[in-house]
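A short write-up of the structure that comes next.
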Amino acid sequence: AFAHTQFSHIIFPEGTFSALDNICEGCTNLTGPLVLPESMEEIGESAFNGCTSITSIKMRRNMSYIGPDAFAGCTGIKSIVCEAPTPPTLEGEPFKDVPKDSLTLEVPEAAVADYQVAPGWREFKFIAAHRELSCTPGLVCALNARQEQTITLKAEGAWKVESQPTWCSISQTSGSGNATLTLTIDPMAQAAEDRKGKVVFTLTDKDYVCEVLLTQRDYRHECDQRITLQKATEGNNGGINILLLGDGYDARDIARETYLDVMREQMERFFSIEPYSTYSQYFNVYTAIALSQESGIGTANFKQDTRFGTTYAGTGGLTVNSGEVFAYAERILPAGTDLSRTLIILVPNTREYSGNTQLWSDGSAIALCPPTEDVYPYDALGVIQHEACGHAFGKLGDEYSYNSGFIPSSALSELEAGKQRGWYDNLSTTGKQYEVPWRQLMLDSKYNGLTDIYEGGFGYAQGVYRPELNSCMNDNAPYFNAVSRMSIVRRIKEYAGEEFDYEDFKARDVLDVSTGTRSDRAFQAGGAHRQVPVIHQGSPLAGARRAHTGNTHRQRTQR
């Protein structure tokens, strides 16, 4: 299921019976300890074959069978723990090319003699009684600022800190049993050399150690520093705010300028489509250096330690800790910012195609727009224009149809509720010419050759109408139809404290017919994009303040 992917961690939930054949074969980025759940009894053939970055394996007491080549080629393994009181059956060579002459196999004290004679297991040169000692996370990264990180230590007996770099401190350096510790990394001067080190924990009088690897990188901007990418020069309210935030970018990504480069590219994509190109000077664009502890994003099984918890949620697309995002936005943006009129574009560090929008009934929005490298219309341009330009700021509805029947009452109620909020100007529940929202355009000579009434939209083929054959809200085409452009301009003018004037709109409107009709077959296929926006009632700010007060993220940086 995950073979040859780039995820760095996997978590099998409790209740998982087996690791299927080839499930993580060739996942060379799968890093650190591999801890399997208590419920797991079997590991399939080549399940982790070639996972060269795994450093240790922990199997629980119910493990009974390990298949051929299960861990073949896992040359980075330095220790294996198997808590099963009876040595599991090994078929073929599960540990082929694993350094059995140098690593330690730890097993229950009463079963050491059994493992020393069991087929396959007896090939391990060092077999010892197991004692519990582990710490999470095993890797901490930082930029120049002072940073605190919570470390969870699980220890069977007395423990101590054996060594640590001089540029960090631990809230407790010895103890007995489990402990929650605070690791503090000291500030580093600008332009200083990057530094690396590790904190080593050991069981007192036992040859057991675990490590937290530390990396601190120099960077010209401070962590969580607001950076202005563009300043508005038009409008009466100081500009409409856009906040671009990356998630899943670690200190290495940031120090190499990957983070800021991606944020600037996403800004350029946002303003590359009309009417945003013409009205770009109405917008302030900000970003901030949001540090994640790991690079990339995870899934329900592959966990990544990221700043905002962005995760692939199967058919539900991308999810994010929206409370944490809005709490962060409140701290980063200028005082007095109205978040219900602010566009937040969250950019997950993945090149996979996905994207969706979280909307609140007060107008607040987060558009999740990864910089995907797929071909049109599944590319980064198509995603940001559909999600951020269309749904999140424009409050436009989807114009595609993947249900062949009539719109049901539940979807119709949702559409009408949106219209009462001033959303979905590009859709109509009537096909009557003088009642559709774009009737003015149909009577205008500039638009009447293209603007008409086409049945299908909001995911349904019947009972909903759209104004043009195709547009960005159908298949991510780089074109908004005329009524969508007018609706977006009306919203820009409202947020900017200016009056909307139809004649002024028409005079400045750029009409590019060629891009709007280039993919008319896409409508029948259901369009390129099927992740409908998630609508929440009320405001996200209550959840944001809970996230801020509760310090839901374990990483803290201080200026």
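In this text, residue positions in the sequence shown follow the numbering used here: the first is 18, and each later residue adds one. Glycine is no exception: its CB is placed at the ideal position from the N, C-alpha and C atoms.
In the structure shown, what three-state DSSP assignment does residue i receive?
i: Asn254; result: coil
i: Ser488; result: coil
i: Cys406; result: helix
i: Lys523; result: helix
i: Leu198; result: strand
i: Gln541; result: Any answer about Gln541 is weak, because its pLDDT of 38 lies below 50 and its placement is not dependable; what the coordinates show is given next. Gln541 falls in the helix class under three-state DSSP.
i: Glu431; result: helix
i: Glu472; result: strand
i: Tyr464; result: coil
i: Thr534; result: With a pLDDT of 44 at Thr534, under the threshold of 50, the modelled position of that residue is not reliable, and the figure given next carries that caveat. DSSP places Thr534 in coil when its eight states are reduced to three.
i: Val115; result: coil
i: Tyr393; result: coil
i: Tyr419; result: strand
i: Tyr276; result: helix
i: Met503; result: helix
i: His570; result: Low confidence applies here, because His570 scores a pLDDT of 39, under 50, leaving its location unreliable and the question unanswered by this model.
i: Ile28; result: coil
i: Phe19; result: coil
i: Ala346; result: helix
i: Arg438; result: coil
i: Leu7; result: One cannot answer for residue 7 here, as it falls past the ends of the chain, which runs 18 to 576.
i: Leu458; result: helix
i: Pro557; result: coil
i: Gly340; result: helix
i: Lys412; result: coil
i: Ser371; result: coil
i: Tyr236; result: coil
Just grab the DSSP bridge partners of residue i for me.
i: Glu59; result: Ser35 and Tyr82
i: Thr245; result: Tyr303
i: Ile552; result: Leu376
i: Tyr293; result: Looking at the DSSP assignment, Tyr293 forms no beta bridge with any residue, so it has no partner.
i: Leu360; result: Ile259 and Ala382
i: Lys177; result: Ser191 and Thr219
i: Leu230; result: Leu156 and Lys215
i: Ile74; result: Leu51 and Ile97
i: Gly315; result: Thr328
i: Tyr482; result: Ser445 and Glu472
i: Phe497; result: BP columns for Phe497 are empty, so no partner.
i: Ile144; result: Leu122
i: Ala172; result: Leu150
i: Thr103; result: Its beta-bridge partners do not exist; DSSP assigns none.
Measure the CB-CB distance between residue i and residue j and report whether it falls below 8 Å.
i: Asn161; j: Asp235; result: yes
i: Leu398; j: Leu363; result: no
i: Val216; j: Val226; result: no
i: Gly372; j: Pro387; result: yes
i: Leu260; j: Leu350; result: yes
i: Leu308; j: Ile271; result: yes
i: Arg483; j: Leu444; result: yes
i: Ser73; j: Gln321; result: no
i: Ala172; j: Leu220; result: yes
i: Leu47; j: Phe29; result: no
i: Lys523; j: Lys463; result: yes
i: Met280; j: Gly265; result: no
i: Tyr82; j: Glu55; result: no
i: Ile424; j: Tyr471; result: no
i: Tyr276; j: Ile306; result: yes
i: Leu335; j: Ile552; result: no
Please name the residue, chosen from the options, that lies closest to residue i on a Cα-to-Cα basis.
i: Glu431; options: Asp415, Ser421 and Gly422; result: Asp415
i: Lys177; options: Ser151, Ala209, Leu156 and Pro54; result: Ser151
i: Gln115; options: Arg78, Ile71 and Pro125; result: Residue 115 is actually Val in this sequence, not Gln. Measuring from the Cα of Val115, the nearest candidate turns out to be Ile71.
i: Arg6; options: Ser81, Tyr303 and Glu311; result: Any answer about residue 6 is impossible in this case: the structure gives the chain only from 18 up to 576.
i: Ala64; options: Cys44, Ala206 and Ser81; result: Cys44
i: Val549; options: Tyr419, Ile271, Thr48 and Lys113; result: Tyr419
i: Asp526; options: Tyr441, Glu285 and Tyr496; result: Tyr496
i: Glu179; options: Leu156, Lys223 and Thr295; result: Lys223
i: Gly84; options: Gly137, Gln181, Thr48 and Tyr512; result: Gly137
i: Ser427; options: Asp442, Gly480 and Gly109; result: Gly480
i: Phe288; options: Gly263, Thr316, Gly474 and Cys406; result: Cys406
i: Ala598; options: Ser462, Asp379 and Gln402; result: In the structure as shown, the chain starts at 18 and stops at 576, and residue 598 therefore has no counterpart that could be examined.
i: Val500; options: Asp461, Tyr477 and Glu511; result: Asp461
i: Thr103; options: Gly67, Met76, Ile509 and Asp521; result: Met76
i: Ser381; options: Phe343, Glu390 and Ala87; result: Phe343
i: Pro365; options: Thr389, Ser357, Trp377 and Leu356; result: Thr389
i: Glu165; options: Cys240, Ala208, Val134 and Glu140; result: Cys240
i: Gly109; options: Gly435, Phe88 and Gly473; result: Phe88
The ligand ADP heavy atoms versus the CB of residue i: any closer than 7 Å?
i: Thr327; result: Ligands in the displayed structure: none, and consequently the ligand ADP is not present.
Three CB pairs or more closer than 8 Å across the stretch 251 to 259 and the stretch 296 to 316 | yes
Can you find at least 3 beta carbon pairs, one from the stretch 178 to 189 and one from the stretch 256 to 266, that sit closer than 8 Å?
-> no
Mind the definition here: the stretch 120 to 127 touches the stretch 92 to 103 only if three or more C-beta pairs lie below 8 Å; say whether that holds.
-> yes
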